[in-house]
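Protein chains: 2
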Amino acid sequence: MMITGKMLIGQSAVRGDKGLLSAINPATHETLGPDFGVGGIADIEQACTLAQQACDRYRATTAEQRAQFLEAIATGILALGVTLIGRASLETGLPAARLIIERGRTVSQLRLFAQVVRDGHYLGATLDSALPTRLPARPDLRLHKIALGPVAVFGASNFPLAFSVAGGDSAAALAAGCPIVVKAHEAHLGTSELVGQVIQQAAAAHNLPEGVFSLLIGDSHPFGQSLVSHPAIKAVAFTGSRQGGLALMRTAAQRSEPIPVYAEMSCINPVFLLPHALSMRASEIGRGFVEALTMSAGQLCTNPGLVIALEGQPLTQFCSTALDALHKKAAATMLTPGIHHAYLAGIEETGNISGITTLGQGCPAEKPSAAQATVFVTDAATFLTTGRLGDETFGPSSLIVACKNADEMLAVAEHLSGQLTATMQLDDADHSLARKLLPILERKAGRILVNGYPNNVEVSHAMVHGGPFPASSDSRSSAVGASAIDRFLRPVCYQDLPAALMPEALQEGNPLELWRMVNGQCVLA
Amino acid sequence: MMITGKMLIGQSAVRGDKGLLSAINPATHETLGPDFGVGGIADIEQACTLAQQACDRYRATTAEQRAQFLEAIATGILALGVTLIGRASLETGLPAARLIIERGRTVSQLRLFAQVVRDGHYLGATLDSALPTRLPARPDLRLHKIALGPVAVFGASNFPLAFSVAGGDSAAALAAGCPIVVKAHEAHLGTSELVGQVIQQAAAAHNLPEGVFSLLIGDSHPFGQSLVSHPAIKAVAFTGSRQGGLALMRTAAQRSEPIPVYAEMSCINPVFLLPHALSMRASEIGRGFVEALTMSAGQLCTNPGLVIALEGQPLTQFCSTALDALHKKAAATMLTPGIHHAYLAGIEETGNISGITTLGQGCPAEKPSAAQATVFVTDAATFLTTGRLGDETFGPSSLIVACKNADEMLAVAEHLSGQLTATMQLDDADHSLARKLLPILERKAGRILVNGYPNNVEVSHAMVHGGPFPASSDSRSSAVGASAIDRFLRPVCYQDLPAALMPEALQEGNPLELWRMVNGQCVLA
Chain A
1 MMITGKMLIG QSAVRGDKGL LSAINPATHE TLGPDFGVGG IADIEQACTL
51 AQQACDRYRA TTAEQRAQFL EAIATGILAL GVTLIGRASL ETGLPAARLI
101 IERGRTVSQL RLFAQVVRDG HYLGATLDSA LPTRLPARPD LRLHKIALGP
151 VAVFGASNFP LAFSVAGGDS AAALAAGCPI VVKAHEAHLG TSELVGQVIQ
201 QAAAAHNLPE GVFSLLIGDS HPFGQSLVSH PAIKAVAFTG SRQGGLALMR
251 TAAQRSEPIP VYAEMSCINP VFLLPHALSM RASEIGRGFV EALTMSAGQL
301 CTNPGLVIAL EGQPLTQFCS TALDALHKKA AATMLTPGIH HAYLAGIEET
351 GNISGITTLG QGCPAEKPSA AQATVFVTDA ATFLTTGRLG DETFGPSSLI
401 VACKNADEML AVAEHLSGQL TATMQLDDAD HSLARKLLPI LERKAGRILV
451 NGYPNNVEVS HAMVHGGPFP ASSDSRSSAV GASAIDRFLR PVCYQDLPAA
501 LMPEALQEGN PLELWRMVNG QCVLA
Chain B
1 MMITGKMLIG QSAVRGDKGL LSAINPATHE TLGPDFGVGG IADIEQACTL
51 AQQACDRYRA TTAEQRAQFL EAIATGILAL GVTLIGRASL ETGLPAARLI
101 IERGRTVSQL RLFAQVVRDG HYLGATLDSA LPTRLPARPD LRLHKIALGP
151 VAVFGASNFP LAFSVAGGDS AAALAAGCPI VVKAHEAHLG TSELVGQVIQ
201 QAAAAHNLPE GVFSLLIGDS HPFGQSLVSH PAIKAVAFTG SRQGGLALMR
251 TAAQRSEPIP VYAEMSCINP VFLLPHALSM RASEIGRGFV EALTMSAGQL
301 CTNPGLVIAL EGQPLTQFCS TALDALHKKA AATMLTPGIH HAYLAGIEET
351 GNISGITTLG QGCPAEKPSA AQATVFVTDA ATFLTTGRLG DETFGPSSLI
401 VACKNADEML AVAEHLSGQL TATMQLDDAD HSLARKLLPI LERKAGRILV
451 NGYPNNVEVS HAMVHGGPFP ASSDSRSSAV GASAIDRFLR PVCYQDLPAA
501 LMPEALQEGN PLELWRMVNG QCVLA
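If you read the protein sequences in the order shown, they are chains A and B. The first sequence begins at 1 in the UniProt record's numbering and counts up by one. The second sequence begins at 1 in the UniProt record's numbering and counts up by one.
Here's what the structure looks like:
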């Protein structure tokens with residue numbers, strides 16, 4: 001496969017004629033060839049019309065057909081080998097080793113959803129038997145979930161594979177039976193095209209309707225707004241900035257038919273250091289914190305951007321160890337010059353706030369777009385009265401909040417806006433305080449973790465990667481893990497439908513061998 | 001209990017001082033005493049603050065505590081006896097017999113949700129075991145669902161019991177562990193206060209935090225908007241007009257923290273008469289249609305407002321039988337003078353549309369606010385090119401669309417906007433056409449029913465009372481049945497949480513005896 005600079009619309013490769021975009025190597029600021037043609041409204045129209053036409057036929061495919069499609073995409077991505085990893089590394093500044101891990105995650109997500117589709121649990125099959133002798137008679141009622149319809153997917157800058165063209169959102173939507181129209185992220189256009197070609201070929205090889213997948217290139221916010229406004233689109237998945245997510249939410253809400261938006265936006269992932277744990281393990285926790293802070297140059301939505309602890313000697317020890325570790329951390333290339341610029345502006349703004357001091361920074365940057373990790377310190381009173389401090393600075397920046405007592409820690413927790421994660425470092429002797437903190441954190445975060453760091457997001461059944469606004473636009477959903485498929489489904493109930501017309505998941509004899517809810521009981525029958 | 005004209009804010013009864021409202025007997029246009037004091041912003045603030053304060057304590061109650069609370073409300077409603085039925089009948093014009101059935105539904109909804117809470121299936125308990133030897137190690141991950149937070153409930157005009165103060169939305173939210181702030185519907189203020197007193201007393205008797213329930217009286221749209229805008233409110237449930245629902249959706253989307261709105265709005269519940277069934281049972285179907293059309297004076301969100309059939313002798317026979325039945329139908333009192341007025345305006349507007357003829361009407365009205373059922377006829381070409389015809393006229397009005405062929409029937413189906421229900425009258429010989437219609441109807445409706453009429457909405461596990469916009473604001477949810485509780489929940493994942501802090505639903509040994517998803521398998525362990 002080769003990068004051509006074209007969009008992929010159904011089974012066609014289409015050169016956009018509304019301008020040119022180029023990929024840039026953030027480590028050198030050099031332009032990477034070839035250039036990419038920018039699409040326009042007609043391309044959106046074409047992709048969305050194909051998606052709409054594909055809709056009924058694609059959602060009528062069997063579980064096995066969709067599972068094999070997802071697995072073929074996974075295989076195709078692996079087969080791209082160094083071509084993909086090399087290009088992604090050039091476009092994002094992320095090291096090859098990190099991208100290989102991310103590719104593994106991407107592939108395992110696709111395979112997990114293949115398994116989810118085969119299992120069929122996501123269908124939510126529910127049957128209530130007819131009660132003909134009851135007064136009034138109860139009809140036969142059977143429910144399963146069906147695909148919402150075509151989904152617009154906006155990839156993330158920071159995961160060029162795992163949250164991009166064939167990333168978690170795409171895999172979940174395709175698994176659900178929804179065609180997807182993906183807008184390529186400008187920061188990794190070549191990577192996007194390579195992966196897009198894999199999906200396009202897999203769709204053809206599996207004889208799927210061509211509209212099941214399109215990949216568009218657009219260079220402006222209005223392009224994305226037009227995609228979200230298209231009547232064929234029935235849901236939106238987005239990972240990115242709060243500003244970008246809010247704009248798509250507004251557009252979706254203003255449609256004549258409003259549609260759900262799943263936007264994973266920004267948060268600061270607070271880490272609470274409970275007193276006993278801190279007194280026993282200040283240095284260990286401090287080192288772990290700096291490791292977590294600087295992972296992927298801090299460009300993770302689960303980056304620990306806030307640390308809350310009681311003032312005193314253990315916190316001094318934590319800060320001292322963290323500072324030592326920080327001083328040894330090399331500056332790392334950020335994803336784009338724009339992201340690097342925003343990071344510099346963010347830490348400058350934070351550093352200028354009255355009541356904030358800079359604990360320290362990592363090694364100075366020696367290359368373009370490389371970021372020095374930065375840790376700030378403040379007290380709870382300043383945090384509670386300064387609005388800006390709850391906002392994310394995307395990159396390796398964090399703020400330590402020193403509290404006078406446990407009540408101030410609880411007040412800081414209560415003051416937080418919605419988060420993807422909240423972490424407690426705690427020992428058995430901290431349980432009493434943890435019990436007070438836990439109900440607050442439950443209201444604030446989608447995932448609560450103990451004695452770890454939030455960076456890694458396991459792809460499994462019990463994962464929640466979502467949380468109250470503004471961490472995500474819809475706290476009822478998860479962007480990672482098996483339940484991510486639920487975002488693209490809606491229930492349909494069939495009342496007294498003849499057996500000959502009944503969807504397979506709901507037929508007598510349970511031919512798909514699903515766990516089903518039958519008259520309120522969970523049974524394999 | 002007696003009607004005092006006061007609001008119920010927590011455990012207090014508060015006389016609103018922002019004006020006066022009175023209940024009106026729609027059958028006589030007489031005012032019913034006493035008058036009601038209208039609340040203002042300070043009352044909203046008080047109710048929402050109490051709800052927020054109650055939030056953590058209420059959601060920490062055991063399943064058994066919440067189940068008993070719901071059952072006590074059911075018992076209390078029954079104990080109101082003729083006081084409640086009599087007042088509700090005076091306020092709404094609905095016959096006592098219908099209200100007794102509705103009371104039964106209300107009580108059974110409360111009891112169903114008590115059972116749902118005891119079952120615990122709604123918690124979605126999901127466990128993924130730690131894999132400490134995997135590289136990288138997998139942490140222990142456990143997910144359950146928790147209450148979203150305080151819910152604003154707006155009752156419906158047409159179900160003064162089943163979709164009002166202690167109706168389906170309230171029962172589902174209270175079951176989920178959410179405090180509720182209910183805005184009483186102006187059309188049945190006395191009924192609302194009586195039921196509100198039952199909930200208030202049940203909350204006290206069960207030692208629940210007082211903010212778990214408040215009942216407010218407001219006389220303007222801005223009052224509702226202010227309630228939805230309050231930062232303590234985390235979700236909205238509404239049943240009513242499209243205009244009202246859209247206004248609340250806009251308000252919720254514009255909050256600094258947007259929140260979900262579950263608005264059940266308007267639709268026309270198409271009924272497709274497939275050719276063979278119509279040729280065999282035209283008269284029977286025609287009689288059934290008029291029964292369905294005139295039930296509760298047509299004031300049901302599942303009223304059959306559209307009939308689609310092939311032109312020809314069987315349709316002529318259907319129309320003739322329907323007309324005979326219609327002529328025998330007495331005019332029935334509508335819920336309010338305003339609703340009656342809107343009905344008259346709606347049928348006048350429809351009748352004036354070019355290409356529409358009036359098939360016939362029911363008996364003339366002899367009392368104030370009584371509605372004559374009205375059936376119109378048109379052809380598919382007119383329907384497909386006249387926008388207004390897809391909109392609901394609330395009341396006993398329906399439109400028959402004569403199609404030249406099956407393709408026109410399919411085109412009419414494709415032309416429809418979102419619906420709560422879609423019905424097919426069909427015989428075995430109609431299966432071929434039904435197979436073409438079914439995928440379209442799946443995209444258009446939340447419930448698809450065969451050889452019945454959509455009016456009755458069973459309260460069970462497999463029911464879906466919802467559908468694509470504008471039938472409801474959120475097609476992923478149901479307002480009726482066990483799954484209605486899902487609207488008020490969000491998932492939280494715990495990573496490596498110590499056993500001593502683990503929520504009961506997720507503990508080792510499964511003390512709540514739940515069906516849980518463990519490592520991807522559904523098990524009772």
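C-beta: ideal position from N, C-alpha, C; glycine also.
Query raised in the report: Buried or exposed: T374 (chain B), going by 16 or more other Cβ atoms within 10 Å of its Cβ?
Result: buried
Query raised in the report: Of all the CB atoms in chain B, is at least one closer than 8 Å to the CB of C493 (chain A)?
Result: yes
Requested in this report: Take the Cβ of Q521 (chain B) as the centre, count every other Cβ of all protein chains shown within 10 Å, and call the residue buried at 16 or more, exposed below.
Outcome: exposed
**Report entry** Of the listed residues B:G312, B:I180, B:Q197, nearest to L50 (chain B) (C-alpha basis)
**Finding:** B:I180
Query raised in the report: With 16 other CB atoms within 10 Å as the buried threshold, where does V464 (chain B) fall?
Result: buried
Report task. Could you have a look at P498 (chain A) and say whether DSSP puts it in helix, strand or coil? Result -> coil
Query - Minimum C-alpha distance to A292 (chain B) - residue among B:P396, B:A175, B:Q495 - result: B:P396
Requested in this report: Would you check if there are 3 or more beta carbon pairs closer than 8 Å linking the stretch 140-152 of chain A to the stretch 78-91 of chain A?
Outcome: no
Query raised in the report: If you follow the alpha helix (DSSP H) that F318 (chain A) is part of, which residue opens it and which one closes it?
Result: 313-327
Query raised in the report: Can you tell me the Cα-Cα spacing of G177 (chain B) and F69 (chain B), whole angstroms?
Result: 11 Å
Requested in this report: Using a Cβ-Cβ cut-off of 8 Å, state whether F469 (chain B) counts as contacting chain A.
Outcome: yes
Query raised in the report: Should H121 (chain B) be flagged as near chain A, meaning a C-beta pair shorter than 8 Å?
Result: yes
Requested in this report: Can you give me the Cβ contacts of R255 (chain B) inside the same chain, cut-off strictly under 7 Å, excluding the 5 residues immediately before and after it?
Outcome: S229
Query raised in the report: Mind pulling the chain B residues with CB within less than 9 Å of S266 (chain A)?
Result: The contacting residues do not exist; S266 (chain A) stays about 14 Å from chain B at best.
Query raised in the report: From G446 (chain B) to E366 (chain A), what does the alpha carbon distance come to, in whole angstroms?
Result: 59 Å
Query raised in the report: When the cut-off is 8 Å and only beta carbons count, does M295 (chain A) lie next to chain B?
Result: no
Report task. Taking only beta-carbon positions, decide if C178 (chain B) is within less than 8 Å of chain A. Result -> no
Report task. Please compile the residues from chain B whose C-beta is within a distance smaller than 7 Å of the C-beta of D56 (chain A). Result -> P439
Query - Cβ-based neighbour list, S472 (chain B), same chain, cut-off 6 Å, excluding 5 preceding and 5 following - result: E264, G466
Report task. Go ahead and label G168 (chain A) buried or exposed: buried means 16 or more other beta carbons lie within 10 angstroms of its beta carbon, across all protein chains shown. Result -> buried
Query raised in the report: When burial is assigned at 16 or more other CB atoms within 10 Å of the CB, is S354 (chain A) buried or exposed?
Result: exposed
Report task. Could you tell me which residues DSSP puts in a beta bridge with E102 (chain A)? Result -> Partner(s): none; E102 (chain A) has no beta bridge.
Query - Pair within 8 Å by beta-carbon distance, I73 (chain A) and I199 (chain A) - result: yes
Requested in this report: Classify G509 (chain A) as buried or exposed, calling it buried when 16 or more other Cβ atoms lie within 10 Å of its own Cβ.
Outcome: exposed
Requested in this report: Report the residues of the stretch 469-487 of chain B with a CB closer than 9 Å to any CB of chain A, ordered along the chain.
Outcome: F469, P470, S473, D474, S475, R476, S477, S478, G481, A482, S483, D486, R487
Query raised in the report: In whole angstroms, what is the alpha-carbon distance linking L227 (chain B) and M249 (chain B)?
Result: 13 Å
**Report entry** Under 9 Å from the C-beta of C522 (chain B): neighbouring residues of chain A
**Finding:** H121, W515, C522, L524
Query raised in the report: From which residue to which residue does the alpha helix (DSSP H) around L174 (chain A) run?
Result: 168-176
Query raised in the report: Since P179 (chain B) is in the alpha helix (DSSP H), which residue starts that stretch and which ends it?
Result: Careful: P179 (chain B) lies outside any alpha helix (DSSP H) and carries neither H nor E.
Query raised in the report: Would you call A96 (chain B) buried or exposed, if buried means 16 or more other Cβ atoms sit within 10 Å of its Cβ?
Result: exposed
Query raised in the report: On the premise that A371 (chain B) lies in contact with G298 (chain B), defined as a C-beta separation below 8 Å, what is that separation, rounded to the nearest angstrom?
Result: 7 Å
Query raised in the report: By a C-beta neighbour count over all protein chains shown, 10 Å radius and 16 as the cutoff for buried, is R435 (chain B) buried or exposed?
Result: exposed
**Report entry** Integer-rounded CB distance, given that N455 (chain B) should sit under 8 Å from N303 (chain B)
**Finding:** 7 Å
**Report entry** Straight-line Cα distance separating R57 (chain A) from V401 (chain B)
**Finding:** 28 Å
Query raised in the report: Near L189 (chain A), what residues of its chain come up, given a Cβ to Cβ distance below 6 Å and the 5 sequence neighbours on each side ignored?
Result: A23, F36
Query raised in the report: Can you tell me the Cα-Cα spacing of L88 (chain A) and A13 (chain A), whole angstroms?
Result: Here residue 88 (chain A) is Ala; the residue named in the question, Leu, does not match the sequence. C-alpha separation (whole angstroms): 21 Å.
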